[in-house]
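Visitor: Quick one: structure below, then a few questions.
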Amino acid sequence: MTRVRRPVVPGWFTDTDTGAGFRLLGTRCGTCGAVFFPREDFFCRAPGCDGTGLTEVPLSPRGTVWSYTDGRYRPPPPYVSDPEVPWQPRTLIAVELAAERMVVLGQAAPGVSVADLRVGMEVELMPGVLGEDAETVWTTWWWRPVKTDGTDAADGVGGVYGAYGGLGAGDGRVR
Ligand SMILES: [Zn+2]
């Protein structure tokens, strides 16, 4: 059986199957230019602005690490996790997007630990998998360090992601 790939929150990022063009989707106020993520579709939240014309904009695919931690608690929904399975800490990164002047939180790609990160480091967005059940692979976004010449910080990440790329094919992987 082929599992359906479905975003854990519809409308927050582009179709994960588009690969290289993967982007988070926010909205921009046509009145004051403020950008929102999570997206704000009806009313501008900027103080003093009464704009209602908000259009979808893809956010910058790269940013810098503003803060990070490893999640030692089980996150609330929409995070998908099996309460029967012991919680595995995952690295969380708050990423500052300069152009949008905002900070976006997200999981680090598998294999990225807090030891791999430092404030100010450049990271990039990539398609991720939040969880899966019998019918569905729930997709999300991950951040990973930008690979720079002379270092191999992202090497292991790419390998792990390659393995994840097969999850949607119903290949019988066990959680
Ligand atoms: Zn506005």
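Just so it is clear: in the sequence shown, position 28 is 28 by full-length UniProt numbering, and no numbers are missing.
A virtual CB, placed ideally from N, CA and C, is assigned to each residue, including glycine.
1) With distances taken between CB atoms, is the gap from R144 to E122 smaller than 8 Å?
2) Tell me whether A20 sits in a helix, a strand or coil according to DSSP, three-state version.
3) If I follow the unbroken beta strand (DSSP E) through G63, where does it start and stop?
4) Is any non-hydrogen atom of ligand 1 found closer than 7 Å to the C-beta of G51, if you look at the structure I gave you?
5) Does the Cβ of T31 lie closer than 7 Å to at least one heavy atom of ligand 1?
6) Does any heavy atom of ligand 1 sit closer than 7 Å to the C-beta of A115?
7) Among all the DSSP beta bridges, which residues are the ones paired with G111?
Guide: The answer reads as follows:
1) Taking 8 Å as the cut-off, the Cβ atoms of R144 and E122 do not count as close.
2) Helix.
3) Per DSSP, the continuous beta strand (DSSP E) segment holding G63 begins and ends at R62 to G71.
4) For ligand 1, at least one heavy atom lies less than 7 Å from the Cβ of G51.
5) Ligand 1 approaches T31 closely enough that one of its heavy atoms is under 7 Å from the residue's Cβ.
6) No, the Cβ of A115 stays beyond 7 Å of every heavy atom of ligand 1.
7) Assignment of beta-bridge partners to G111 by DSSP yields no partner.
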